[in-house]
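Here is the structure we will look at.
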């Protein structure tokens, strides 16, 4: 019963072109796969939240020293580091979080092949520790 | 779940008892009875839930029936029979459709078996108070069955035995309601699929099954203890719920030392709850707590239970009895310095022997250090590197002992390492403050 965030960045898999170069069918298959996974996680009682983040056209980087913020728009050179989406799951063990992340990683890309995209798995920092004196 | 006003007080009931309190108290007994009679836990749970909803809608206006449990059992049983009859009818339609040239014999068989079932159902509806005690106990054993995952067992127990609604359980765990609903459904399906019978465990099964129940209850308690006292003032206080359920179990099994031990442990630990967090939600460890904030009624009750449990099973002390005895020694002491650390160290040694848990050894090291000085405590920590390696508590204890020895640099390093590794935000802040205090 620990919460983990599974982060998907735009890194994609090794040698995989960015999604705007895929065919519409390939994109649909990818989205359908992730939505099916989310549904399965809801049915398992494990999903807390899942979000796809809007594309980098809508992304801004904000910097401020307390005064007027400075905004940076795209295109971003380090686009691969940006977050594409995430799942928050509440699971029995780290092994299970890893298992779910593996499924996310294997989402299909061009030609329907599993992407092997790197998924970052992070446990949440919790509230007070347990009652052991 | 929208419904009638469950907060209405029940006429003639003990002070302030509401319809809601009454329904929660009845729920496990009703579910137990219906589940046992019909042999289908999942369907019984659905039927009982519907009966509870109907009660919450009707009792505030119609008045509470003279026999609330009987009323609920009747309504739930009626729903079960309706469900079964419509299932039967559906099956019969399918059978007859499949064999369009059905012989008179097979049609007659279908009718005959239906009559037997109907008679059995009619007999099942009659209530029988004598078995209520066993039913609640059997229900608790069922919900904590080792076949279920921990989160399933917790959710199901809170629902079926605790009488909390899905929404309340979801709020308590800060999980979306649909997710929690699925968790509970899944737990019920697991029970149905694994064919776990609705009965008390056999003598042979008992120790393991009871241990599973105690583990689940302690888990609920610890979940309650991690809450940082937010704005949620509704009855989703899991620590209180855990205590209530353990009290219920203690009432059902008054001779069991470990059950009494667990209840004592919960009371003695919960007694310190207010003193454990500062005004900004910061963690205050035992040694620094303002003991005047401890809850004395809880301590008195906990001490009595711990002593009785301890005396009751001298030769065969279980882990909860031992932990309760340790908590009792802390709670009795007016200060850290006046605590009977020698006895605590001995108890931790017994606990260590029982569980082999390296975290217990850590606690023993702290106690030993209080009696024999930090060096002695440190020596106990050395063998733990293999098992605990990068566990933050090992660093935290080392830091504390280094500080007591006057090795400030080492203490700071270990406090920082512990801060890096802990996953508790308040604990991290506490550890960083210690490091800062020494480093300054």
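Chains as they are written, first to last, in our numbering: chain A, 141 to 273; chain B, 78 to 517.
Every residue gets a Cβ at the ideal spot worked out from N, C-alpha and C, and that includes glycine.
Values in this document were obtained by computation on a predicted structure and should not be read as measured data.
Applying a beta-carbon distance threshold of less than 7 Å, which residues of chain A neighbour residue i?
| i | result |
| --- | --- |
| residue 260 of chain B | 185 |
Find the residues of chain A that neighbour residue i, judging by a C-beta separation of less than 9 Å, and give them in chain order.
| i | result |
| --- | --- |
| residue 228 of chain B | 141, 185, 186, 230, 231, 232 |
Can you find the residues in the same chain that come closer than 7 Å, C-beta to C-beta, to residue i, ignoring five residues on each side of it along the sequence?
| i | result |
| --- | --- |
| residue 442 of chain B | 454, 457, 458, 474 |
| residue 426 of chain B | 441 |
| residue 436 of chain B | 470 |
| residue 240 of chain B | 100, 101, 104, 105 |
| residue 193 of chain B | Unreliable placement is indicated for residue 193 of chain B, whose pLDDT of 49 sits below 50; the coordinate value is still reported in the next sentence. Within the same chain, residue 193 of chain B has no close Cβ partners at all. |
| residue 506 of chain B | 359 |
| residue 376 of chain B | 345, 348, 408 |
Would you mind giving the Cβ-Cβ distance between residue i and residue j, rounded to the nearest angstrom? I have them listed as a contact below 8 Å.
| i | j | result |
| --- | --- | --- |
| residue 270 of chain B | residue 225 of chain B | So it is not a contact: roughly 11 Å between Cβ atoms. |
| residue 99 of chain B | residue 137 of chain B | That belief does not hold up - the Cβ atoms of residue 99 of chain B and residue 137 of chain B are roughly 11 Å apart, past 8 Å. |
| residue 478 of chain B | residue 451 of chain B | 4 Å |
| residue 221 of chain B | residue 125 of chain B | Not confirmed; about 19 Å, so no contact. |
| residue 476 of chain B | residue 488 of chain B | 5 Å |
| residue 141 of chain A | residue 260 of chain B | Not really, about 10 Å apart at Cβ, beyond 8 Å. |
| residue 38 of chain B | residue 401 of chain B | Any property of residue 38 of chain B remains undetermined from this structure, which presents chain B solely from 78 to 517. |
| residue 247 of chain B | residue 315 of chain B | Going by Cβ atoms, the distance from residue 247 of chain B to residue 315 of chain B rounds to 12 Å, so no, they are not a contact pair. |
| residue 491 of chain B | residue 472 of chain B | 5 Å |
| residue 143 of chain A | residue 222 of chain A | With a Cβ gap of about 23 Å, residue 143 of chain A and residue 222 of chain A do not count as contacting. |
| residue 128 of chain B | residue 153 of chain B | 4 Å |
| residue 146 of chain A | residue 259 of chain A | 5 Å |
Closer than 6 Å by C-beta to residue i: which residues in its own chain qualify, once you throw out the five before and the five after it? Chain order, please.
| i | result |
| --- | --- |
| residue 112 of chain B | 118, 121, 275 |
| residue 397 of chain B | 335, 338, 339, 342 |
| residue 351 of chain B | 370 |
| residue 482 of chain B | 451 |
| residue 268 of chain B | 118 |
| residue 258 of chain B | 243 |
| residue 200 of chain B | Low confidence applies here, because residue 200 of chain B scores a pLDDT of 47, under 50, leaving its location unreliable; read the following figure in that light. Contacts found: none. |
| residue 110 of chain B | 150, 212 |
| residue 421 of chain B | 403, 406, 444 |
| residue 499 of chain B | 469, 505 |
| residue 171 of chain B | none |
| residue 372 of chain B | 348 |
List, in order along the chain, the chain A residues whose C-beta lies closer than 8 Å to that of residue i?
| i | result |
| --- | --- |
| residue 257 of chain B | 185 |
| residue 263 of chain B | 183, 184, 185 |
Among the candidates the options, whose CA atom is the shortest distance from the CA of residue i?
| i | options | result |
| --- | --- | --- |
| residue 348 of chain B | B/479, B/136, B/435, B/367 | B/367 |
| residue 160 of chain A | A/145, A/261, A/197 | A/197 |
| residue 247 of chain A | A/166, A/141, A/143 | A/166 |
| residue 153 of chain A | A/194, A/220, A/205 | A/220 |
| residue 250 of chain A | A/179, A/205, A/150, A/156 | A/156 |
| residue 218 of chain B | B/284, B/372, B/432 | B/284 |
| residue 178 of chain A | B/256, B/156, B/141 | B/256 |
| residue 266 of chain A | B/324, B/364, B/431, B/301 | B/301 |
| residue 215 of chain B | B/116, B/170, B/152, B/148 | B/116 |
| residue 430 of chain B | B/501, B/414, B/394 | B/394 |
| residue 234 of chain B | B/291, B/280, B/281 | B/291 |
| residue 383 of chain B | B/404, B/374, B/97, B/421 | B/404 |
| residue 323 of chain B | B/466, B/295, B/230 | B/295 |
| residue 261 of chain A | A/255, A/254, A/235, A/253 | A/235 |
| residue 379 of chain B | B/96, B/406, B/363 | B/406 |
| residue 486 of chain B | B/465, B/149, B/516, B/128 | B/516 |
| residue 251 of chain B | A/185, A/207, A/206, A/202 | A/185 |
| residue 514 of chain B | B/253, B/444, B/493, B/299 | B/493 |
Only counting the same chain, and skipping five residues up and downstream in sequence, which positions put a Cβ closer than 8 Å to that of residue i?
| i | result |
| --- | --- |
| residue 181 of chain A | 187, 190, 227, 229, 240 |
| residue 204 of chain A | 210 |
| residue 412 of chain B | 368 |
| residue 503 of chain B | 305, 354, 358, 359, 360 |
| residue 449 of chain B | none |
| residue 424 of chain B | 399, 402, 403, 406 |
| residue 252 of chain A | 166, 169 |
| residue 432 of chain B | 396 |
Quick one: which chain B residues come within Cβ less than 9 Å of residue i?
| i | result |
| --- | --- |
| residue 182 of chain A | 253, 255, 256, 259 |
Determine, using beta carbons only, whether residue i comes closer than 8 Å to chain E.
| i | result |
| --- | --- |
| residue 477 of chain B | As a matter of chain content, chain E is missing from the structure shown, whose protein chains are A and B. |
Any alpha helix (DSSP H) of 4 or more consecutive residues that is wholly inside the region 216-273 of chain A: 234-245
Length at least 4, wholly inside the region 203-248 of chain B: the alpha helix (DSSP H) runs in chain order: 209-220, 227-237
Length at least 4, wholly inside the region 407-491 of chain B: the alpha helix (DSSP H) runs in chain order: 418-432, 435-449, 451-458, 462-465, 469-482
Complete runs of the alpha helix (DSSP H) confined to the region 337-417 of chain B [at least 4 residues]: 350-353, 373-389, 396-409
Ranges of the alpha helix (DSSP H) found wholly within the region 109-150 of chain B, counting only runs of at least 4: 118-139
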